[in-house]
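Here the sequence shown is numbered in numbering that gives the first Met the number 0, starting from 0 and rising by one per residue.
Every residue, glycine too, gets a C-beta built ideally from N, C-alpha and C.
Note that the structure is a prediction, hence the values are computed from the model and not measured.
A short write-up of the structure that comes next.
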Amino acid sequence: MYAPESKSWNWKDLTNLISNKCIILGDFNVDMNNDTQSSEALLEWADACSLAPCIPDAATSLRSDHTIDYALSNGVPFSIQTYKGGSSSDHKPILSTLSCGRDEQARRKNTHWNVISLFLSYVFKYWQEV
């Protein structure tokens, strides 16, 4: 998801999109630790939808050193982390691993960083035009 700071909608407008097992991952433009008023509104809505925040281990905004990219979820076991490699974006991408009952070692073998980097290079071009 992308929630620009100048968004014309309210978090409650997304309530109908939430299901029993749901993950919302993206750029929320709200730092849970530094944007008190904005984070209260987001967390109030998330709590009403039974969504719990999952914050990565490092800042995601390269311009402000804030963590504004993360996930909200309910009923889905997963983890996220900040991608430490290079990016053409002003954000560090976040990567997610969903637990599907498979062995942890087997999932790690399937990470293709070159494919992820290529994908991010195409996505960045798209978001530059938006």
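Check your understanding: So, residue 66 versus residue 89, is the Cβ gap smaller than 8 Å?
Key -> Not a contact, by the Cβ cut-off of 8 Å.
Exercise for review: Please state whether DSSP places residue 77 in a helix, a strand or coil.
Suggested key: Note: residue 77 maps to strand in three-state DSSP.
Exercise for review: Tell me where the alpha helix (DSSP H) around residue 41 begins and ends.
Suggested key: Note, residue 41: alpha helix (DSSP H), 35-47.
Review point. Got a sec? Which residues, its chain only, sit under 8 Å from residue 52 by beta carbon, not counting five neighbours each side?
Key: Cβ neighbours of residue 52 within its own chain (closer than 8 Å, five residues either side excluded): 31, 42, 45, 69, 70 and 71.
Point to revise | residue 68, DSSP secondary structure in three states | key: In this structure, DSSP gives residue 68 an extended state, which the three-state scheme calls strand.
Check your understanding: Among 3, 19 and 14, which one has its Cα closest to the Cα of residue 75?
Key -> Selected option, being the one with the closest Cα: 19.
Practice item. Could you tell me which residues DSSP pairs with residue 24 in its beta bridges? Key: Looking at the DSSP output, residue 24 shares a beta bridge with 70.
Review point. Got a sec, what are the start and stop residues for the beta strand (DSSP E) residue 95 sits in?
Key: First-last of the beta strand (DSSP E) with residue 95: 93-97.
Exercise for review: Measure the Cβ-Cβ separation of residue 59 and residue 93 and say whether it is below 8 Å.
Suggested key: The beta carbons of residue 59 and residue 93 sit closer together than 8 Å.
Review point. Pick from 61, 17 and 35: whose alpha carbon is nearest that of residue 26?
Key: The shortest C-alpha to C-alpha distance from residue 26 to any of 61, 17 and 35 is the one to 61.
Practice item. Note down, in chain order, each residue of its chain lying with its Cβ closer than 8 Å to the Cβ of residue 77, except the 5 sequence neighbours on either side. Key: So the list reads 22, 53, 70, 95, 96, 97 and 98, once near-sequence residues are dropped.
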